[in-house]
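Accompanying notes for the structure given below.
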Ligand code: 13P
Ligand code: SF4
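Residue numbers (full-length UniProt numbering): 24 to 342.
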């Protein structure tokens, strides 16, 4: 519609005017992903968003995603202005891991190395020894295990359990989950597989163990997109946020992509698997923040300096 076109035109112009670049996650609405690509920004997983924002020369980053992604960008680039379409866009994992409680939990196990998922507040990152995203978690934990370290893992219990199974590392898990991925049902995937016996099953590791166990490929958003391109199967059942289908279909134009069910019977639920906080990113609020400079991420410098240590460990890690 004409209104959308006008908003996009305003955003293109404001990005140039404000020396800003758009950094978007694969779970943002397709029109935002397309705009990021078209304007020289990036669409990526949470690890690549962090790298791209840190390395880009723009003085303003407009981060379309959820709050921890904007905070990560600011921690890595304190000299840049980091705006988000709305600071209300949080994440159930971040909400499920308040720093005081998590810190107490860590204090009870002082002999353990603290590894946290990137989906956490700056304060939790500051308490941690390592930050990881799902695309690098297995390699980092394997490395720590080889060094003989015992670990605390937070906050996602499903990802933690998956990594524990894969690496055999000694890990104590914090008890939290992603409200989107936690809804995928093994029974529904099983029923769907009966209808499409040749389909491959692609699963993000924030999903429950029963679903992960059925997977042909388990991986981060970027790893699932790469798998969609590379697998020989013509049909793919995908258990992650449905906004990923925009890039996944580009990567695998001739394949049939089917949403994994969030209900017990094999019927796909067309509008279920979409992160409500990712959905808060809209063209309108993107335009507004570029105009007004509101919704800026601010992190106290002392906290930032503590949080950047665990984040830098991840970014400089080579397996
Ligand atoms: P990725 O690091 O795989 O992009 O995951 C981020 C996320 O929030 C998944 O729910
Ligand atoms: Fe957080 Fe889940 Fe949303 Fe990812 S999909 S941002 S883990 S609530």
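A virtual CB, placed ideally from N, CA and C, is assigned to each residue, including glycine.
TODO: Would you mind reading off the limits of the beta strand (DSSP E) that contains residue 194?
DONE: What you label residue 194 is simply residue 171 of the chain shown in a count that begins at 1. Note, residue 194: beta strand (DSSP E), 194-196.
TODO: With a threshold of 7 Å, establish whether the CB of residue 166 neighbours any heavy atom of ligand 2.
DONE: Walking along the chain shown from the start, residue 166 turns up at place 143. Result no, Cβ not under 7 Å from ligand 2.
TODO: Determine the extent of the alpha helix (DSSP H) in which residue 136 is found, giving its start and end residues.
DONE: For the purposes of this step, residue 136 is identified with residue 113 of the chain shown, where counting begins at 1. Going by DSSP, residue 136 is part of no alpha helix (DSSP H) but of the beta strand (DSSP E) stretching over 136-140.
Open item on the list: So, for residue 310: in the same chain, excluding its five sequence neighbours on each side, which residues have a beta-carbon less than 6 Å away from its beta-carbon?
Closed with: Within the chain shown, numbered from 1, the residue matching residue 310 stands at position 287. For residue 310, where only same-chain residues beyond five positions count, the Cβ hits under 6 Å are 30, 33, 34.
Open item on the list: In whole angstroms, give me the CA-to-CA distance for residue 54 and residue 119.
Closed with: As a first step, residue 54 is located in the chain shown; it is residue number 31 there, counting from the start. As a first step, residue 119 is located in the chain shown; it is residue number 96 there, counting from the start. C-alpha separation (whole angstroms): 30 Å.
Open item on the list: Considering only the alpha carbon of each residue, which of 133, 96, 280, 58 lies closest to residue 37?
Closed with: On the chain shown, residue 37 is found 14 positions in, with the first residue counted as 1. The residue with the shortest Cα to Cα distance from residue 37 is 58.
Open item on the list: Cutting at 7 Å between CB atoms, please list the residues of its own chain near residue 325, excluding the five before and the five after it.
Closed with: Position 302 of the chain shown, counted from the start, is the residue given in the question as residue 325. For residue 325, where only same-chain residues beyond five positions count, there are no Cβ hits under 7 Å.
TODO: Mind the definition here: the region 117-132 touches the region 301-317 only if three or more C-beta pairs lie below 8 Å; say whether that holds.
DONE: no
Open item on the list: For residue 195, which residues in the same chain have their Cβ closer than 6 Å to its Cβ, ignoring the five residues on either side in sequence?
Closed with: If you number the chain shown from 1, residue 195 lands on position 172. Setting aside the 5 residues that flank it on each side, residue 195 is surrounded in the same chain by 175, each with a C-beta closer than 6 Å to its C-beta; the list follows chain order.
Open item on the list: Does the contact criterion of 3 or more C-beta pairs under 8 Å hold for the region 150-164 versus the region 249-265?
Closed with: no
- [ ] For my contact list, residue 106 and residue 140 are in at a C-beta cut-off of 8 Å; report their separation, rounded to the angstrom.
- [x] Taking the first residue of the chain shown as 1, we reach residue 106 at position 83. Taking the first residue of the chain shown as 1, we reach residue 140 at position 117. About 24 Å separates the CB atoms of residue 106 and residue 140; that is not less than 8 Å, and the two are not in contact.
- [ ] Write down every uninterrupted run of the beta strand (DSSP E) in the region 133-177 whose length is 3 residues or greater and which is fully enclosed by it, in chain order.
- [x] 136-140, 153-155, 174-177
Open item on the list: So, with DSSP's three-state summary, where would you put residue 117?
Closed with: Stepping through the chain shown from its first residue, residue 117 is reached at position 94. Residue 117 falls in the helix class under three-state DSSP.
TODO: Mind checking which residues open and close the beta strand (DSSP E) that includes residue 105?
DONE: Here the question's residue 105 lines up with position 82 in the chain shown. It spans 104-106 - the beta strand (DSSP E) in which residue 105 sits, taken as one unbroken run.
Task: Exposed unless 16 or more other CB atoms sit within 10 angstroms - verdict on residue 21 - done: Only positions 24 to 342 of the chain appear in the structure, and residue 21 is not among them; the question remains open.
- [ ] Go through its chain and collect everything with a Cβ distance to residue 245's Cβ below 7 Å, but skip five positions before and after it.
- [x] To locate residue 245, count along the chain shown from 1; it is residue 222. Excluding residues within five positions, the ones whose Cβ falls inside 7 Å are 67, 68, 71, 158.
Open item on the list: Considering only DSSP beta bridges, list what residue 48 is partnered with.
Closed with: In the chain shown, the residue the question calls residue 48 occupies position 25. 67, per the DSSP bridge assignment.
Open item on the list: Could you check whether the region 270-284 touches the region 71-89, counting it as contact only if at least three pairs of C-beta atoms, one from each stretch, sit closer than 8 Å?
Closed with: no
Open item on the list: Tell me whether the region 294-302 and the region 224-244 touch, counting them as touching only if at least three CB pairs, one residue from each stretch, are closer than 8 Å.
Closed with: By the criterion of at least three beta-carbon pairs nearer than 8 Å, the region 294-302 is not in contact with the region 224-244.
Open item on the list: Between the alpha carbons of residue 215 and residue 178, how many angstroms are there, rounded?
Closed with: If you number the chain shown from 1, residue 215 lands on position 192. If you number the chain shown from 1, residue 178 lands on position 155. Going by the C-alpha atoms only, they are around 30 Å apart.
Task: Straight-line gap, residue 78 to residue 45 (C-alpha atoms, nearest Å) - done: Locating residue 78 in the chain shown gives position 55, where the first residue counts as 1. Locating residue 45 in the chain shown gives position 22, where the first residue counts as 1. Cα to Cα, residue 78 sits roughly 13 Å from residue 45.
Open item on the list: Using 8 Å for Cβ pairs, my map puts residue 225 next to residue 259. What's the rounded Cβ distance?
Closed with: To locate residue 225, count along the chain shown from 1; it is residue 202. To locate residue 259, count along the chain shown from 1; it is residue 236. With a Cβ gap of about 6 Å, residue 225 and residue 259 count as contacting.
Task: Coarse secondary structure for residue 110, derived from DSSP in three states - done: The residue you call residue 110 lines up with position 87 of the chain shown. DSSP places residue 110 in coil when its eight states are reduced to three.
TODO: Sort 126, 124, 144 by Cα distance to residue 96 and report the nearest one.
DONE: Counting from one through the chain shown, the residue named residue 96 turns up at place 73. The candidate whose alpha carbon is nearest that of residue 96 is 144.
Task: Length at least 3, wholly inside the region 196-250: the beta strand (DSSP E) runs in chain order - done: 223-226
Task: Closest by C-alpha distance to residue 73, when choosing among 172, 60, 94, 62 - done: In the chain shown, residue 73 corresponds to position 50, counting from 1. Considering only alpha carbons, the answer is 94.
Open item on the list: I want to check one thing, is the minimum distance from the CB of residue 205 to the heavy atoms of ligand 1 below 7 Å?
Closed with: As a position in the chain shown, residue 205 is number 182, starting the count at 1. False, no ligand heavy atom lies under 7 Å from that Cβ.
Task: Beta-bridge pairing of residue 86 - partner residues as DSSP gives them - done: On the chain shown, residue 86 is found 63 positions in, with the first residue counted as 1. Residue 86 is bridged to 46.
TODO: Could you work out which residue in 342, 341, 147 is closest to residue 197 when comparing CA atoms only?
DONE: For the purposes of this step, residue 197 is taken as residue 174 along the chain shown, with counting starting at 1. When only C-alpha atoms are compared, the closest one is 147.
Open item on the list: Tell me whether residue 69, by its Cβ, gets closer than 7 Å to a heavy atom of ligand 1.
Closed with: For the purposes of this step, residue 69 is taken as the residue at position 46 of the chain shown. Yes - ligand 1 has a heavy atom lying nearer than 7 Å to the Cβ of residue 69.
TODO: Please determine, among 317, 336, 267, 334, the residue with the shortest C-alpha to C-alpha distance to residue 52.
DONE: Position 29 of the chain shown, counting from 1, holds the residue named residue 52. Answer by Cα proximity: 267.
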